[in-house]
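Peer 1:
Numbering (my numbering), first residue to last: -18 to 229.
#1: Just to confirm before moving on: does the CB-CB distance between residue 32 and residue 56 stay below 7 angstroms?
#2: Measure the alpha-carbon distance for residue 91 versus residue 179 and round it to whole angstroms.
#3: Can you tell me the Cβ-Cβ gap for residue 87 and residue 108, rounded? I've got them flagged as a contact below 8 angstroms.
#4: Between residue 144 and residue 50, what straight-line distance do the alpha-carbon atoms span, to the nearest angstrom?
#5: Quick check on DSSP: helix, strand or coil for residue 37?
#6: In three-state terms, what does DSSP make of residue 192?
#7: Kindly indicate which three-state DSSP category residue 232 falls into: helix, strand or coil?
#8: Can you list, in chain order, the residues of its chain with a C-beta nearer than 6 angstroms to that of residue 183? Leave out the 5 residues immediately preceding and following it.
#9: Considering just the uninterrupted stretch of the beta strand (DSSP E) at residue 110, what are its terminal residues?
#10: With which residues is residue 59 paired in a DSSP beta bridge?
#11: Rounded to whole angstroms, what is the Cα-Cα separation between residue 215 and residue 176?
#12: Pull the bridge partners of residue 160 from the DSSP assignment, please.
#13: What residues match up with residue 81 in a beta bridge as DSSP calls it?
#14: So the beta strand (DSSP E) residue 49 belongs to, where does it begin and stop?
#15: In three-state terms, what does DSSP make of residue 15?
#16: Tell me the DSSP secondary structure of residue 206 in three-state form.
#17: Would you call residue 229 buried or exposed, if buried means 16 or more other Cβ atoms sit within 10 Å of its Cβ?
#18: Nearest by alpha-carbon distance to residue 106: which of 76, 126, 153, 24 is it?
#19: Sorted by chain position, which residues of the same chain lie with C-beta nearer than 7 angstroms to residue 193's C-beta, five sequence neighbours on each side aside?
#20: To the nearest angstrom, report how far apart residue 227 and residue 125 are at their CA atoms.
#21: Would residue 185 and residue 169 qualify as a contact pair, given that the criterion is a beta-carbon distance under 7 angstroms?
#22: What residue from 38, 72, 221, 42 has the CA that sits closest to residue 114's CA?
#23: Under 8 angstroms by Cβ, that's how I've got residue 218 and residue 163 pegged, so tell me the actual separation to the nearest angstrom.
#24: Measure the alpha-carbon distance for residue 82 versus residue 141 and round it to whole angstroms.
#25: Taking the beta strand (DSSP E) that residue 219 belongs to, which residues open and close that run?
#26: Identify whether residue 73 lies in helix, strand or coil by the three-state DSSP scheme.
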């Protein structure tokens, strides 16, 4: 029987569209003048064809690519940053593969530059963004420019066990040379299936505001109401004030 994933809060309308991993390889990027002609030629192609050529540059074959333990990888989205492209892939357990509860899907992030009529890979981060258990990728993810000058992957994933359901969102910056996790924020809690007499109920979070590059605030409602603000300090966002969110 398929696991019941915890309910998550959808912020796609607001974002209009978040586990930094150690690089497998990271070559220096060529100068803009060396890639300008190739960039123009590749970017003139339809988006789907760009994505297909980027995927082939990374994996040497067309999607999907079968991995180990019944997992497969397919292309998700191609994002341009100047003359550099970033391919985001989705790795999940194949249907019927029976992935374990603790086995998570993921998003991979690959940096490329145009080369001839295709791409050359300059950085590989195959499990940069964590997903859900049972081999499922993030419940929802998108690329947003709402949080700062660097594009950010907003992703949601959840956990369920012993009657508890919790969800968290991650913000992962697509920096010029690597992805960097800058925020991990719990947004949903429910203990209604625990059977405990003292079960509290549900808490749900929604964005109240985003100050680009500075902070963001969530309003949480349910068995109690409060707001929490995360402030940018250095390479990450930190919670300002006391943490009032329930944890699984």
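From the three backbone atoms N, C-alpha and C, an ideal C-beta is built for every residue, glycine too. Treat the numbers as computed from the prediction; the structure is a model and nothing was measured.
Peer 2: The structure says:
#1: It is a contact, given that the beta carbons lie within the stated cut-off.
#2: If you take the alpha carbons of residue 91 and residue 179, they lie about 47 angstroms apart.
#3: By a beta-carbon distance limit of 8 angstroms, residue 87 contacts residue 108. Their separation comes to about 4 angstroms.
#4: Cα-Cα distance, rounded: 28 angstroms.
#5: The DSSP-derived three-state label of residue 37 is helix.
#6: Judged by DSSP in its simplified three-state form, residue 192 adopts strand.
#7: Given that the chain is displayed from residue -18 to residue 229, the structure contains no residue 232 and the question cannot be resolved.
#8: If we look at residue 183 and ignore the five residues flanking it on each side, its Cβ neighbours are 171, 203.
#9: Taken as a continuous stretch (DSSP letters only), the beta strand (DSSP E) holding residue 110 covers 99 to 111.
#10: DSSP lists 68 as the bridge partner or partners of residue 59.
#11: Approximately 43 angstroms, taken between the alpha carbons.
#12: Residue pairing of residue 160 in beta bridges, as defined by DSSP: 155.
#13: Paired residue(s): none; residue 81 is not in a bridge.
#14: No beta strand (DSSP E) contains residue 49, which DSSP labels as neither H nor E.
#15: Bear in mind that the predicted position of residue 15 carries a pLDDT of just 49, short of 50, making it unreliable; the figure below should be weighed with that in mind. In this structure, residue 15 counts as helix in the three-state DSSP scheme.
#16: The answer is coil: DSSP assigns residue 206 none of H, G, I, E or B.
#17: Per the 10 Å Cβ criterion, buried.
#18: The option with the nearest alpha carbon to residue 106 is 153.
#19: Spatial neighbours of residue 193 in its own chain (CB-CB distance under 7 angstroms, excluding positions within 5 residues in sequence) are listed in chain order as 127, 128, 129.
#20: When only Cα atoms are considered, residue 227 and residue 125 end up about 27 angstroms apart.
#21: For residue 185 and residue 169, yes; Cβs fall inside 7 angstroms.
#22: With distances taken between Cα atoms, residue 114 lies closest to 72.
#23: Correct: roughly 6 angstroms between the Cβ atoms.
#24: Near 10 angstroms, if we compare the C-alpha coordinates of residue 141 and residue 82.
#25: For residue 219, the enclosing beta strand (DSSP E) begins and ends at 217 to 221.
#26: The three-state reading of DSSP puts residue 73 in strand, counting E and B together.
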